[in-house]
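Residue numbers (numbering that gives the first Met the number 0), protein chains in the order written: chain S, 0 to 260; chain L, 0 to 399.
The beta carbon of each residue, even a glycine, is placed where N, CA and C say it ideally should be.
Notes follow once the structure below has been shown.
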Amino acid sequence: MNRIEQTFQALKKDDTKAFVPYIMAGDGGLDCLEERLVLLEKFGAAAVEVGVPFSDPVADGPTIQQAGIRALNNGTTLKGIVGKIAEIRKSVKIPIILMTYLNPIYAYGITKFVQDIQKAGVDGCIIPDMPVEEEEIIEPELTEAGVELIRLVTLTTPLERIKQIAAKGDGFLYTVTVKGITGTRNEFDGNLNAYLKAVKEVSPIPVLAGFGISTQEQMLDITKYCDGVVVGSKIVNLLAENKLEEMENLMSVFKQKTNMA
Amino acid sequence: MTAYTLPNETGRFGKFGGRFVPETLMKAITELADAYEMAKQDPTFHSQIQALSKDYVGRETPLYFAENLTKYAGGAKIYLKREDLNHTGAHKINNAIGQALLAVRMGKKKIVAETGAGQHGVATATVCALLNLDCIIFMGEEDIKRQELNVFRMELLGAKVVSVTSGSSTLKDAVNEALRYWVANVEDTHYLLGSVSGPHPFPMIVRDFQSVIGKETKDQFLDRNHSLPDAVVACIGGGSNAMGMFYPFIDDEEVELHGVEAAGRGIDTPFHAASLTKGKPGVLHGALMYLLQNEDGQIQEAHSVSAGLDYPGVGPEHSYLKEIGRANYHSITDQEALDAFQLLSKLEGIIPALESSHAVAYCLKLAAQLGSEKNIVVCLSGRGDKDVDAVRARLKGGNQ
Ligand SMILES: Cc1ncc(COP(=O)(O)O)c(C=O)c1O
Numbered sequence: 000m001n002r003i004e005q006t007f008q009a010l011k012k013d014d015t016k017a018f019v020p021y022i023m024a025g026d027g028g029l030d031c032l033e034e035r036l037v038l039l040e041k042f043g044a045a046a047v048e049v050g051v052p053f054s055d056p057v058a059d060g061p062t063i064q065q066a067g068i069r070a071l072n073n074g075t076t077l078k079g080i081v082g083k084i085a086e087i088r089k090s091v092k093i094p095i096i097l098m099t100y101l102n103p104i105y106a107y108g109i110t111k112f113v114q115d116i117q118k119a120g121v122d123g124c125i126i127p128d129m130p131v132e133e134e135e136i137i138e139p140e141l142t143e144a145g146v147e148l149i150r151l152v153t154l155t156t157p158l159e160r161i162k163q164i165a166a167k168g169d170g171f172l173y174t175v176t177v178k179g180i181t182g183t184r185n186e187f188d189g190n191l192n193a194y195l196k197a198v199k200e201v202s203p204i205p206v207l208a209g210f211g212i213s214t215q216e217q218m219l220d221i222t223k224y225c226d227g228v229v230v231g232s233k234i235v236n237l238l239a240e241n242k243l244e245e246m247e248n249l250m251s252v253f254k255q256k257t258n259m260a
Numbered sequence: 000m001t002a003y004t005l006p007n008e009t010g011r012f013g014k015f016g017g018r019f020v021p022e023t024l025m026k027a028i029t030e031l032a033d034a035y036e037m038a039k040q041d042p043t044f045h046s047q048i049q050a051l052s053k054d055y056v057g058r059e060t061p062l063y064f065a066e067n068l069t070k071y072a073g074g075a076k077i078y079l080k081r082e083d084l085n086h087t088g089a090h091k092i093n094n095a096i097g098q099a100l101l102a103v104r105m106g107k108k109k110i111v112a113e114t115g116a117g118q119h120g121v122a123t124a125t126v127c128a129l130l131n132l133d134c135i136i137f138m139g140e141e142d143i144k145r146q147e148l149n150v151f152r153m154e155l156l157g158a159k160v161v162s163v164t165s166g167s168s169t170l171k172d173a174v175n176e177a178l179r180y181w182v183a184n185v186e187d188t189h190y191l192l193g194s195v196s197g198p199h200p201f202p203m204i205v206r207d208f209q210s211v212i213g214k215e216t217k218d219q220f221l222d223r224n225h226s227l228p229d230a231v232v233a234c235i236g237g238g239s240n241a242m243g244m245f246y247p248f249i250d251d252e253e254v255e256l257h258g259v260e261a262a263g264r265g266i267d268t269p270f271h272a273a274s275l276t277k278g279k280p281g282v283l284h285g286a287l288m289y290l291l292q293n294e295d296g297q298i299q300e301a302h303s304v305s306a307g308l309d310y311p312g313v314g315p316e317h318s319y320l321k322e323i324g325r326a327n328y329h330s331i332t333d334q335e336a337l338d339a340f341q342l343l344s345k346l347e348g349i350i351p352a353l354e355s356s357h358a359v360a361y362c363l364k365l366a367a368q369l370g371s372e373k374n375i376v377v378c379l380s381g382r383g384d385k386d387v388d389a390v391r392a393r394l395k396g397g398n399q
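Below is the structure:
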């Protein structure tokens, strides 16, 4: 069984919700990746999304754009990230999911990329500029290697299409909570809860919500309707500002409040 | 030979093209493709475009035999397809009108667009003024400096121009911001993409709206010479004026197709925009296409004296035509383009856009190669009024 599946089965057994932080690899230098992953695991992360910096991140808002620029200026490359994950995999038990735009993978060479991330112990991949129509380019090789392709659905995805995407059934379904790019929000679409409920109803795999989620309140509200949250810009900011206590607090309170057992 | 029918239904030209966009945009681009198929079958849509093209844009544009330039080049006869005479001064209006009418059909009242040189922004703002649509234009800070006058034009026309400061602050970054804006406003907004790039169906739609250039050229040339030209030449930024010129000739294999990219300060320096000559296939802005990128797949900045060619990618259909060898691609340096800019002004009394000057510069070389029995048509994609200030500054600076 894949580590992602195991993780969600355990969460289900404990009747609790997943907190999945997103961090930008190479922000602060690749050398702090291990320390950060270990810390996030300790603070209760169910899994972690490791972002790969890209020159043209069209799905990302200013916070993640800036983190990406800092990482690129540090000389971070996809090869370097995969190599680093291979090196530190043993010290982290939770699933590691790579989030990367397609072009760095394409330049790496798709077959070589899949081989290398499998060897490195990466559990899943999120490719935000690759809708299901285009996944043929990499999906067969990921499946063969046992690396889960995490797919996205959004507020503009028609229900019928949500069903089809969810039915492909790898890992979890990533439900985008905003009409827009990443970055913290004060408010969400009035239809969000109904939408999450609808997605949850049709999805045979766990449903995680992400994009724009930053406050404790938002997290608790949203996880009433799904299995967990992905928190990106907020975590990226807290790490960049070295506000580790605030991060620990955010994550541990979430864990307490969502634990129904 | 079987007739050319690309793209296929998934938007592929061979391996190039596709729909590499965030899921949020899938619904919008699927709807756009459907709306376009419907519009294509609707005679009213065609007559609307025709009426505006004739009465508002001033089509058809002349096919002009440039006798003085021909003498100067000392070889093949050179004809100029005068897209510079269109309302707003470039070919960009052909596409803007088509897409804006499509947006109206789809019930969308807001338009977002990117612009490099400002020509596509001006064309879009113009059509939005005409059709009473809200208009927001993203433009790189660097380009805003280079094309101040066009910024003021867009504002006069009622558009909101937003300065983009991310990345290289040029066209590629303006596309990123326009895409981000579209992702956030997709339900009531149409993205009026300005070139044959982006996700399917944009490369096809823009090509179809621009192919009036090649169709007219073919008819005009046949009328005059009872034959086809031996070669057509066009400059390439994203590739829309070139695709518009090439497309009606693709099945006429005796007609050579020549695209001209910007070599900037030279293709052996890091300062050029020659994506087909020096790039590698990759994925950006929704399509698999040739891209200037480093070995890690990070997109590199393009450089050209002409803002409209300053793009690190090139439309997927050009990527395909290069791969199958149907079209040839060349590059022209900033200096060669500046020389051609002045030459055409002096010899023919036509001040070309810096973008189009690249095509003129290459056609001089080609004319000499082909010899006096042959005929070349150059797409003069735009007029140079917008560039006069920048060229003056450069010439004063001692570049000549
Ligand atoms: C006059 C002119 N020609 C050419 C171009 C390049 O675009 P494309 O390659 O799409 O024709 C531009 C773009 O701004 C332009 O203004």
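- Message: For a minimum of 4 consecutive residues, which ranges assigned as the alpha helix (DSSP H) are wholly contained in the stretch 253–340 of chain L?
- Response: 274–277, 315–322
- Name the two residues that bound the continuous alpha helix (DSSP H) containing Ser162 of chain L. Secondary structure note for Ser162 of chain L: it is in no alpha helix (DSSP H), and the uninterrupted beta strand (DSSP E) holding it is 159–163.
- Item | Among L:Gly324, L:Gly348, L:Leu343, nearest to Val359 of chain L - alpha-carbon criterion | L:Leu343
- Query: chain L beta carbons: is any one of them nearer than 7 Å to that of Glu133 of chain S?
  - Reply: yes
- C-beta atoms of Ala70 of chain S and Val113 of chain S nearer than 7 Å: Not in contact: Ala70 of chain S and Val113 of chain S (Cβ atoms no closer than 7 Å).
- For Gln399 of chain L, the three-state DSSP class (helix, strand or coil): Summary for Gln399 of chain L: the model assigns pLDDT 44, below 50, so the residue's position carries little reliability; its value from the coordinates is reported in the next sentence. Gln399 of chain L falls in the coil class under three-state DSSP.
- Message: Quick check on the burial criterion: 16 or more other C-beta atoms within 10 angstroms. Buried or exposed for Tyr3 of chain L?
- Response: exposed
- Task: Can you say whether Thr164 of chain L is buried or exposed, counting buried as having 16 or more other CB atoms within 10 angstroms of its CB?
- Result: exposed
- Message: If we define contact as Cβ-Cβ less than 7 Å, is Gly179 of chain S a contact residue for chain L?
- Response: yes
- Query: Under 7 Å, do Gly281 of chain L and Tyr105 of chain S count as touching if we go by C-beta distance?
  - Reply: yes
- Message: Distance cutoff 7 Å, beta carbons only. Does Pro103 of chain S sit that close to anything in chain L?
- Response: yes
- Taking the DSSP output, what are the residues bridged to Pro20 of chain S? Note: Pro20 of chain S sits in a beta bridge opposite S:Val230.
- Message: I'd like the list of long-range same chain contacts for Ser239 of chain L, defined as Cβ closer than 8 Å, with 5 residues on each side in sequence excluded.
- Response: Close CB contacts of Ser239 of chain L within its chain, under the 8 Å cut and outside five residues either way in sequence, are with His90, Lys91, Asn94, Gly193, Ser194, Val195, Val205, Arg206, Gln209, Gly314 (chain order).
- Query: Does the count of Cβ pairs from the stretch 302–314 of chain L and the stretch 113–133 of chain L closer than 8 Å reach three?
  - Reply: yes
- Task: Kindly examine ligand 2 and report whether one of its heavy atoms sits closer than 6 Å to the Cβ of Glu354 of chain L.
- Result: The ligand content of the structure shown is limited to ligand 1, which means ligand 2 is not among them.
- Let me know the secondary structure DSSP gives Met37 of chain L once reduced to three states. helix
- Boundaries (first-last residue) of the beta strand (DSSP E) holding Ile125 of chain S: Membership of Ile125 of chain S in the beta strand (DSSP E) is indicated by the continuous run 123–125.
- Message: Pop quiz: Met244 of chain L and Glu316 of chain L are said to be a contact at Cβ under 8 Å. What is the actual Cβ separation, rounded to whole angstroms?
- Response: Wrong, their Cβ atoms sit about 12 Å apart, outside the cutoff.
- Message: Would you say Ser54 of chain S lies against chain L (beta-carbon separation less than 7 Å)?
- Response: yes
- Item | Where the alpha helix (DSSP H) containing Asn374 of chain L begins and where it ends | It is not in any alpha helix (DSSP H) - Asn374 of chain L instead sits in the beta strand (DSSP E) that spans 374–379.
- Task: State the Cα-Cα distance for the pair Ile349 of chain L and Phe220 of chain L, rounded to the nearest angstrom.
- Result: Their Cα atoms are separated by approximately 21 Å.
- Message: Can you tell me where the beta strand (DSSP E) holding Asp133 of chain L begins and where it ends?
- Response: 133–139
- Task: Please decide whether Ala44 of chain S counts as near chain L, where near means a Cβ-Cβ distance under 7 Å.
- Result: no
- Neighbour list for Asn175 of chain L in chain S, Cβ cutoff strictly below 7 Å: Asp55, Val57
- Item | Candidates L:Leu62, L:Thr268, L:His199: closest to Asp333 of chain L by CA position | Across the set L:Leu62, L:Thr268, L:His199, the C-alpha of L:Thr268 shows the shortest separation from the C-alpha of Asp333 of chain L.
- Task: Please name the residue in S:Thr62, S:Ile126, S:Leu141 whose C-alpha comes closest to that of Tyr173 of chain S.
- Result: S:Ile126
- Within chain A, the residues that Gly166 of chain L reaches when beta carbons sit closer than 8 Å: Looking for chain A here will not work: the only protein chains present are S and L.
- For Glu22 of chain L and chain S, any beta-carbon pair shorter than 7 Å? Closer than 7 Å: yes.
- Message: So Phe19 of chain L contacts chain S; which residues on that side make the cut at Cβ distance below 8 Å?
- Response: Leu101, Asp128, Met129, Pro130, Glu133
- Query: Gly97 of chain L lies in the beta strand (DSSP E); which residues open and close that run?
  - Reply: Looking at the DSSP string, Gly97 of chain L is not in any beta strand (DSSP E); the run it does join, the alpha helix (DSSP H), is 91–104.
- Message: So for Ser241 of chain L, helix, strand or coil by DSSP?
- Response: One detail in the question is off: residue 241 of chain L reads as Ala in this sequence, not Ser. Three-state result, Ala241 of chain L: helix.
- Which residues, taken in chain order from the stretch 152–178 of chain S, show a beta carbon closer than 7 Å to some beta carbon of chain L? Val152, Thr153, Thr155, Thr156, Pro157, Val175, Lys178
- Please go through the stretch 38–105 of chain S and give each complete beta strand (DSSP E) segment of 3 or more residues, from N-terminal end onward. 47–50, 95–98
- C-alpha gap between Leu141 of chain S and Met23 of chain S, whole angstroms: 22 Å
- Query: Taking the C-alpha atoms as reference points, what is the distance between Thr171 of chain S and Leu290 of chain L?
  - Reply: Residue 171 of chain S is actually Phe in this sequence, not Thr. Those two C-alpha atoms are separated by around 33 Å.
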